[in-house]
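What follows is a single structure, written as structure tokens, with notes after it.
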Amino acid sequence: MFRPCIDLHEGRVKQIIGGTLSNCAEGPQTNFVSDRPASWYAALYRKDDLRGGHVIQLGSRNETAAREAVAAFPGGLQLGGGVNVDNAAGWIDAGASHVIVTSWVFREGRLDADRLAMLVKTIGRERLVLDLSCRQRDGQYWVVTDRWQNFTEMTVNEATLKTLADSCAEYLVHAVDVEGLQTGIDLGLVQTLADGSPLPVTYAGGANSLADLKAVQQASGGRVHLTIGSALDIFGGDLKYTDCVDFNHR
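Plus 193 on top of the position in the sequence shown (first one is 1) and you've got the numbering used here.
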């Protein structure tokens with residue numbers, strides 16, 4: 194299934210090459226900057242009943258836009274970026290269906306089981322999505338945190354996916370090495386997720402055609418959903434958003 198996204202950077206809807214996110218003065222490489230507010234995209238997804246998409250705050254100064262987005266599609270969008278135990282429930286109250294968490298549950302490259310347990314206790318595992326976005330190194334996929342710049346000690350494999358399944362409702366996995374490049378999906382990672390995860394998974398990264406959507410559907414038997422961003426015409430690309438909506442309806 195196709196799942197939509199709203200990526201926020203400095204308060205605006207943008208499409209960014211994921212691997213370039215950092216604290217550098219020149220900022221990330223950007224594919225697209227929208228003149229429309231985040232709430233416009235949320236309302237569009239609501240009209241087309243596209244549930245399970247995500248709003249991601251890439252850095253600071255995005256909270257107002259994020260709140261407007263989840264309010265425009267109550268219970269239809271997941272919220273990620275800067276989520277912790279202190280604000281998670283507030284985002285649910287604001288209209289997010291789930292909160293998405295990565296960096297806060299990792300410390301010094303390791304999963305902090307106590308922090309994860311605190312989140313589960315606060316909002317319930319059914320409201321929590323764990324972001325296991327990853328990069329390749331030495332033939333394996335490693336979870337990366339802090340704007341995808343820092344490698345953790347956790348690999349994305351069947352053991353990890355099964356171990357964490359009791360602590361969340363879904364996984365979100367960006368293939369950071371191809372995120373925003375529109376060079377095609379990492380089908381190997383999709384297959385790893387399909388074979389190893391007992392939970393629903395949304396994969397993001399590299400999609401550039403309807404053929405990618407079909408490939409993910411076929412390779413995973415429908416167990417993995419696909420986020421398409423930069424390639425969509427609503428974000429300046431060539432792939433028709435309406436074709437992706439029609440794919441879901443079929």
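Ideal placement from N, C-alpha and C gives every residue a C-beta, glycine not left out.
Query - Arg330 and Val369 closer than 8 Å at C-beta - result: no
Query - Segment contact flag, the segment 268 to 279 with the segment 419 to 437, C-beta cutoff 8 Å, min 3 pairs - result: Judged by pairs of C-beta atoms under 8 Å, the segment 268 to 279 does not touch the segment 419 to 437, as fewer than three such pairs exist.
Query - Residue from Glu351, Val226 and Gln411 whose Cα sits closest to the Cα of Tyr364 - result: Ranked by Cα distance from Tyr364, the options Glu351, Val226 and Gln411 are led by Glu351.
Query raised in the report: How long is the line joining the alpha carbons of Arg229 and Leu419, rounded to whole angstroms?
Result: 23 Å
Report task. Could you tell me which of Thr315, Arg416 and Leu270 sits nearest to Ala287, measuring between CA atoms? Result -> Leu270
Query raised in the report: How would you write the range of the alpha helix (DSSP H) that Phe440 sits in, first residue to last?
Result: Tyr434 to His442
Query raised in the report: Starting from Met311 and walking both ways along the beta strand (DSSP E), at which residues does that stretch end?
Result: Careful: Met311 lies outside any beta strand (DSSP E), inside the alpha helix (DSSP H) at Ala306 to Ile316.
**Report entry** Extent of the continuous beta strand (DSSP E) to which Leu406 belongs
**Finding:** Looking at the DSSP string, Leu406 is not in any beta strand (DSSP E); the run it does join, the alpha helix (DSSP H), is Leu403 to Ser413.
Query raised in the report: Going straight from the alpha carbon of Asn401 to that of Ile421, what length do you get?
Result: 7 Å
Requested in this report: With a 10 Å radius around its C-beta and 16 neighbouring C-beta atoms as the bar for buried, classify Gly153 as buried or exposed.
Outcome: With the chain covering only 194 through 443, there is no way to say anything about residue 153.
Query raised in the report: Any chance the CB of Ala387 is under 7 Å from a heavy atom of the ligand PLP?
Result: In the structure shown, the ligand PLP is absent, as is every other ligand, since no ligand is present at all.
Query raised in the report: Taking the runs of the beta strand (DSSP E) that are 3 residues or longer, which of them lie wholly in the segment 348 to 401?
Result: 363 to 367 and 394 to 397
Query raised in the report: Do you know whose CA, among Leu380, Gly389, Glu203 and Leu312, lies nearest Gln410's CA?
Result: Leu380
Query raised in the report: Is Leu323 helix, strand or coil when you go by DSSP?
Result: strand
Report task. Pull up the distance between the alpha-carbon of Leu403 and that of Val417, whole angstroms please. Result -> 15 Å
Query raised in the report: What span of residues does the alpha helix (DSSP H) with Trp233 cover, start to end?
Result: In the DSSP assignment, Trp233 falls within the alpha helix (DSSP H) that extends over Ala231 to Lys240.
Query - Enclosing alpha helix (DSSP H) for Gly283 [first to last residue] - result: Ala281 to Ala287
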